[in-house]
Amino acid sequence: MLSALVELSAHNGGVFTRRQALTCGYPPSEVRLLLKAGLWVQLRQGIYVDHLLYDVAAPAERAVLDIAAARLTVGAPTVGSHASAATAYGLPLLSSSPVTLSSRLGCRRGALSDPIDVIAAPIVADHLWSLRGVPVTNPARTLVDLADSLPLADAVVAMDDALRRRLVTPDEVKEVAMTLGARQILPVLNAADPRSESPLESLSRVALALEGIEAPELQHVLRDLCGRFLGRVDFWWPRYRVVGEADGMLKYDSPDALRAEKRRQEAIEQARYRVVRWTWHEMRTAPALVAERLRFAFSLAA
8 MLSALVELSA HNGGVFTRRQ ALTCGYPPSE VRLLLKAGLW VQLRQGIYVD HLLYDVAAPA
68 ERAVLDIAAA RLTVGAPTVG SHASAATAYG LPLLSSSPVT LSSRLGCRRG ALSDPIDVIA
128 APIVADHLWS LRGVPVTNPA RTLVDLADSL PLADAVVAMD DALRRRLVTP DEVKEVAMTL
188 GARQILPVLN AADPRSESPL ESLSRVALAL EGIEAPELQH VLRDLCGRFL GRVDFWWPRY
248 RVVGEADGML KYDSPDALRA EKRRQEAIEQ ARYRVVRWTW HEMRTAPALV AERLRFAFSL
308 AA
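All you need for the numbering used here is the position in the sequence shown, starting with 1, plus 7.
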C-alpha cells in the first residue's frame, strides 16, 4: 500500500475506508482491481484491510479488525465492548452476536445482514485498552458487561477462562462493577472457578448446579487401591465415588486417542468408580437428563 494509506490505517488497526484510499491517491479503478484480485479484503461496505494483515490474523485479531471496521461504519466515538471485546481477548462465548460497540449514545447501525449493536454505556478511560490502536473495553470491564447482558452460564464460561489465564483478578472485576453500580457480576464471580479447563466444563458446572446437583470437586486425581494413578477427571463426587466427564467423544480426534480413553475408563470402573459422561449437545439442550443420570449413579452408592 502507499505509505500515506499505511500511516492513516495504522491509527485504526490497519483498517481504512474507500474514501481514505481515494484521498491517498488510489483511483476508483485501482480500488476495484485490488478488491477483485483479493489484495484488499472488504470487511464492510466501503471498508477494507490489506490481505497481508487479514490472512495471518488469528480469530482474536480478526475480532479487532471487525471492531475497527464497525467503528468506521458508525462514525461516532465508540469502543469495542461486550462479546466483540471478549472475542478480541480470546474469551470463549456460547453464542454468536453482532459486532458490539459502546458509546454514550446507543443505536443500531449497519446493513440488516451485518448489523452493529451500539450500546449506550458509560465510557470510563480507566476501563479501556488499545489493541492495535483500536479502543476496546479492558478485560475486567468486558466481563462486567457480559454479566449484565448474558445468561449466567454464558458469563461464567468467559469468567472461568479469564481467571484461569490470569487476564483479571476478582478484585479488578469487583472494582469495575462498583464504579458502574453493576450487580449482576456477583453471581457470576460466585459461580466462577479457574480450575475449569474448557467451556463445556464451565457450562456443565453451572447447568448441573441449577438442576440441584451438589458441587463436585474439579480436576481430581484418581488412584486405585494400590495407589496407582488412574487419571485426572473433570468432576468428582467423592461421597458417591462418581466421576463426571464433560467431553463425550468430542476431544478424541484419532482412533488411538479414543482407544486410550476407553482403556482409561475401563481402569477407572475396575477400581469401582462409576463414570457418567455427557456431550455439548446434551448439556445445551437437556441438562435435566444428565442430572438424572448422575442421581441414578449416586443412588447406587447407597
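For every residue, glycine included, the Cβ atom is placed at its ideal position computed from N, Cα and C. Quick caveat, the model's predicted, so the values are computed rather than measured.
| request: Jot down the residue ranges of each uninterrupted beta strand (DSSP E) in the stretch 268-293, minimum 3 residues, whole runs only, in chain order. | output: 281-284
| query | Measuring CB to CB, does residue 56 end up less than 7 Å from residue 21? | reply | yes
| task | Run the CB neighbour count on residue 251, radius 10 Å, all protein chains shown included, and call it buried at 16 or more, exposed below. | result | buried
| query | Closest to residue 240 by CA distance: which of 199, 213, 234 and 284 is it? | reply | 284
| said: My output table needs one value for residue 174: the three-state DSSP class, helix, strand or coil. | reply: coil
| request: Give the DSSP-derived three-state secondary structure of residue 310 in the structure shown. | output: Any property of residue 310 remains undetermined from this structure, which presents the chain solely from 8 to 309.
| task | Within the same chain, show all residues whose beta-carbon is closer than 7 Å to that of residue 279, passing over the 5 residues directly before and after it, in chain order. | result | 248
| query | Which class does residue 18 belong to by DSSP, given the choice of helix, strand or coil? | reply | coil
| field | Residue nearest to residue 131 in terms of C-alpha spacing, selected from 266, 185, 102 and 123 | value | 185
| request: Would you list the one or two residues that DSSP bridges to residue 23? | output: 55
| Cβ distance (whole Å) where residue 238 is taken to contact residue 275 below 8 Å | 6 Å
| Span of the alpha helix (DSSP H) holding residue 246? | Note, residue 246: premise wrong, no alpha helix (DSSP H); not H, not E.
| Between the stretch 151-170 and the stretch 202-221, are three or more C-beta pairs nearer than 8 Å? | yes
| query | So, is residue 292 buried or exposed, given that buried needs 16 or more other C-beta atoms within 10 angstroms? | reply | exposed
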